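Using our numbering, read the sequence shown as starting at 9 and increasing by one per residue.
Ideal placement from N, C-alpha and C gives every residue a C-beta, glycine not left out.
Bear in mind the structure is a predicted one, so any value in this text is a computation, not a measurement.
To start, the structure itself, in structure tokens.
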Amino acid sequence: MSLKSKRWLLFFVMHPGPLVLAFAIFPLAVITNSDTLAMLSGGLCCGGLHWLLLGFWPAWLLSRAILVQLCRTLKCPCCGFEFDAVGRWSVGDYTDHAERHILNARNPIDGGRIGHIACPKCDSTILVQ
Ligand SMILES: [Zn+2]
């Protein structure tokens with residue numbers, strides 16, 4: 009699975025997650041007649057609705073921050089070669105002076121990010137963003 013797919017998956021788990029959890033807990037609260045579960049479901053529903061309406065960009069940025077911590081290596085989909093996701097990356101004609109995770113690499117001139125890279129072993133394209 010590419011980094012791009014992992015980020016979208018993480019986003020779609022995080023963004024509607026609290027609301028989905030609220031709707032999953034509510035039947036349990038009704039079946040067990042539990043006030044605690046009902047209050048939890050109500051709280052998650054209120055918070056999840058606000059998060060769903062206002063949390064699009066925070067969830068999107070949070071998904072990148074979490075993915076940076078979780079994915080420390082990149083794997084070529086063609087040959088399976090694994091290499092470090094932290095390094096000195098080039099974005100356009102700008103080469104970074106410090107080692108960064110590939111998701112955090114950015115061209116300070118035009119704000120561009122790395123969209124794809126070539127596998128160091130087989131030269132296949134690996135999608136990043
Ligand atoms: Zn490869």
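For Asp118, the three-state secondary structure derived from DSSP is coil. Here the alpha carbon of Cys127 sits roughly 47 angstroms from the alpha carbon of Leu48. Taken from the Cβ of Ser132, at least one heavy atom of ligand 1 lies inside 7 angstroms. Around the C-beta of Ser13, fewer than 16 other C-beta atoms lie within 10 Å, and the residue is accordingly described as exposed. A straight-line Cα-Cα distance of about 20 angstroms links Trp97 and Ile74. Asp92: member of the beta strand (DSSP E) spanning Glu90 to Asp92, first to last residue. DSSP, reduced to helix, strand and coil, places Arg80 outside both helices and strands of the structure shown, so it counts as coil.
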